[in-house]
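Residue numbers (full-length UniProt numbering), protein chains in the order written: chain A, 1 to 131; chain B, 1 to 131.
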């Protein structure tokens with residue numbers, strides 16, 4: 001229970017009595033929790049999520065409820081890929097950044113080689129000055 | 001059904017008769033599908049996944065089954081974060097690469113400014129040659 005007589009968002013959604021010590025109550029408020037829980041129930045099922053939370057130490061349950069809620073909403077938005085579409089997009093971004101970085105490093109080393117070829121004294125002076 | 005009389009991996013796991021047109025059969029083989037389906041059933045529940053697949057066009061179901069299977073296995077491996085831990089790791093990797101790229105770009109522009117200052121004729125020649 002989240003307040004005197006107020007069921008938590010999960011129990012409100014499930015239309016059941018919210019008892020003291022309800023596993024969902026700390027993470028699904030009476031006011032907004034029902035909407036979040038609707039997605040969770042549709043994708044994972046209340047019973048599966050309840051079991052999952054109860055197997056975790058209390059300190060870890062909030063993070064678990066948040067990530068489960070995120071996954072559920074992502075799956076409703078994108079029923080084919082769910083939050084895996086986010087993983088694909090990030091993998092592509094990593095790949096693009098690695099390509100840019102490699103290209104910039106190549107350009108930098110080519111530029112340095114050319115500078116040394118054109119002005120070897122600069123390089124000697126920089127090295128001997130410890131620059 | 002995946003073969004003559006062989007139930008698919010999902011029906012084998014659920015110990016039920018695998019009928020023609022079973023929604024799971026194309027994606028969970030008799031041999032290895034049961035192990036994959038066990039994770040899916042534990043995390044999402046067979047009934048939720050069956051509904052989700054049936055609401056999708058047949059052409060999209062294979063990708064959906066794969067991503068659901070991936071999410072389920074990730075949640076069993078990491079019950080707190082599930083596959084969201086992969087998203088966090090990729091976001092961190094993107095951030096680090098962006099930092100490296102910005103730093104390299106700053107170094108490159110500083111190097112270029114210094115080169116122009118030391119040898120303005122090189123810059124003039126490169127520009128006039130269209131290099």
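Here a beta-carbon is modelled for each residue, glycine too, at the ideal position from N, C-alpha and C.
- Here residue 69 of chain A is near residue 36 of chain A, since their CB atoms are less than 8 Å apart.
- The closest CA to that of residue 76 of chain B, considering only A:51, A:15, A:30 and A:59, is found on A:51.
- Counting only runs that start and end inside the stretch 12-63 of chain A, the alpha helix (DSSP H) elements of at least 4 residues fall at 33-43 and 46-54.
- Around the beta carbon of residue 118 of chain B, a 10 Å sphere encloses fewer than 16 other beta carbons of the protein chains shown; the residue is thus reported as exposed.
- Using a Cβ-Cβ distance cut-off of 8 Å, the stretch 6-18 of chain A and the stretch 40-48 of chain A are in contact, since at least three pairs of beta carbons, one from each stretch, lie closer than that value.
- Taking all protein chains in view, the Cβ of residue 55 of chain B is surrounded by fewer than 16 other Cβ atoms within 10 Å, so the residue is classified as exposed.
- Taking CB atoms only, residue 101 of chain B has a neighbour in chain A less than 8 Å away.
- Listed along chain B, the residues sitting closer than 8 Å to residue 70 of chain A by beta-carbon distance are 84.
- The residue from A:34, A:84 and A:64 with its alpha-carbon nearest to that of residue 48 of chain A is A:64.
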